[in-house]
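A short worksheet on the structure shown next.
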Amino acid sequence: MISFDDERFIEDLSEIQKRYLNLSRRCEMYRAALESPDKWAVPNIETKDGQFQYIPFDLEGLADIFMDLADTLPDDPDFSHSRQPIRPLSLVEVGCGIGRNLNLFRSQEMIPLSKIVGFDIVPEYIDVARRIYGFGNNAFVQDAMTFEYTGFDLIFFYRPFSDDALEAAFEEKLMASAKPGSVILGLNTETLHTSRLVAEFGTTGNCYKKL
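For what it's worth, the working numbering labels the leading residue of the sequence shown as 1, then goes sequentially.
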């Protein structure tokens with residue numbers, strides 16, 4: 001015979017399951033809204049050999065990285081603040097495409113960001129980022145191989161080059177110019193995981209701190 005406490009426990013589990021399913025459905029609706037520009041706003045253009053066209057990174061993966069950073073950064077003296085868990089940080093996205101990720105970075109409140117900019121070598125992508133998301137001069141046309149990364153605390157990219165040699169050269173350029181203590185959020189990388197210039201940061205396997 002099931003006890004009263006067991007019955008209450010089963011009811012609580014059922015209520016939790018119901019709330020979880022409702023929350024999951026809401027999240028799917030919000031996710032569809034965030035991802036919708038990827039279906040209608042991306043210009044159909046050809047890129048140069050060795051470079052990727054715009055590839056939207058999975059939003060769940062992006063959220064996982066930021067949640068992990070929000071847990072990891074407060075324990076690092078380089079990012080401490082006297083009145084809040086994390087000092088305001090600056091972020092640049094390499095190959096920002098149409099600005100969807102930049103918009104998410106700007107809207108999230110887990111990590112305080114005082115400066116958010118992004119660039120892409122494709123002018124048509126930057127036009128969309130400015131027109132849809134209103135980034136103005138904070139989204140600009142630039143070559144990843146000539147940009148100087150010294151002034152940023154967080155550097156985000158999702159493998160801009162399809163050619164392995166070009167990707168490796170880009171990552172070496174980035175690591176050489178990034179300031180010590182900055183965190184590189186590198187997805188689908190070529191050399192970061194073996195470089196002695198950086199150390200893995202956090203638990204996702206996608207973040208590296210410049211030594």
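All C-beta atoms in this analysis are idealised placements derived from N, C-alpha and C, irrespective of residue type, glycine included. Remember, it's a predicted structure, so these values are computed and weren't measured experimentally.
Residue from the options with nearest C-alpha to residue i
| i | options | result |
| --- | --- | --- |
| Leu-73 | Pro-56, Glu-93, Leu-113 and Glu-60 | Leu-113 |
| Phe-57 | Gly-50, Ile-111 and Ile-65 | Ile-65 |
| Gly-50 | Ala-169, Pro-180, Tyr-208 and Lys-179 | Ala-169 |
| Phe-147 | Val-92, Thr-203 and Ser-182 | Val-92 |
| Thr-203 | Ala-176, Asp-71 and Phe-119 | Asp-71 |
| Asp-163 | Lys-48, Asp-75 and Gly-151 | Lys-48 |
| Val-42 | Phe-201, Val-122 and Gly-181 | Val-122 |
| Ala-144 | Met-67, Gly-118 and Thr-194 | Gly-118 |
| Ser-107 | Gly-97, Glu-124, Gly-134 and Glu-200 | Gly-134 |
| Trp-40 | Phe-157, Asn-103 and Ile-132 | Ile-132 |
| Asn-138 | Ile-16, Met-29 and Asn-103 | Asn-103 |
| Ile-116 | Pro-88, Glu-124, Gln-142 and Tyr-125 | Pro-88 |
| Phe-201 | Arg-25, Glu-124, Met-67 and Tyr-158 | Met-67 |
| Tyr-54 | Glu-124, Ala-199 and Met-29 | Glu-124 |
Residue i versus residue j - alpha carbon distance
| i | j | result |
| --- | --- | --- |
| Leu-154 | Arg-100 | 17 Å |
| Val-128 | Glu-11 | 50 Å |
| Thr-189 | Arg-83 | 35 Å |
| Gly-61 | Asn-206 | 10 Å |
| Asn-44 | Pro-77 | 45 Å |
| Ala-33 | Asn-22 | 17 Å |
| Ile-187 | Ser-14 | A quick correction: the sequence has Leu, not Ile, at residue 187. Spanning the two alpha carbons is a distance of roughly 38 Å. |
| Tyr-208 | Ala-176 | 13 Å |
| Ala-178 | Leu-197 | 10 Å |
| Glu-109 | Ile-2 | 45 Å |
| Phe-52 | Lys-18 | 42 Å |
| Gly-181 | Arg-8 | 51 Å |
| Ile-126 | Glu-46 | 15 Å |
| Ala-165 | Glu-35 | 31 Å |
| Arg-26 | Ala-63 | 16 Å |
| Ile-86 | Arg-130 | 29 Å |
| Ile-16 | Phe-105 | 30 Å |
heavy atom of the ligand ADP below 7 Å from residue i C-beta
| i | result |
| --- | --- |
| Asp-58 | Of ligands this structure carries none, so the ligand ADP is not represented either. |
Beta strand (DSSP E) segment containing residue i, residue limits
| i | result |
| --- | --- |
| Lys-209 | 207-210 |
| Glu-46 | Segment: none, Glu-46 is in no beta strand (DSSP E) and carries neither H nor E. |
| Gly-186 | 183-187 |
| Glu-200 | 198-200 |
C-beta contact flag for residue i and residue j at 8 Å
| i | j | result |
| --- | --- | --- |
| Gly-95 | Pro-37 | no |
| Leu-192 | Glu-171 | yes |
| Phe-152 | Ser-90 | yes |
| Ile-111 | Leu-59 | no |
| Gly-97 | Asp-120 | yes |
| Gly-140 | Leu-185 | First, the residue type needs correcting, since residue 140 is Phe and not Gly in the sequence shown. No, these two residues do not count as a Cβ contact at 8 Å. |
| Tyr-158 | Leu-174 | no |
Endpoints, the alpha helix (DSSP H) within which residue i is located
| i | result |
| --- | --- |
| Glu-60 | 59-72 |
| Leu-166 | 164-177 |
| Pro-37 | 37-40 |
3 or more residues per run - each beta strand (DSSP E) lying fully within the segment 77-153:
Runs found: 89-94, 113-120 and 139-141.
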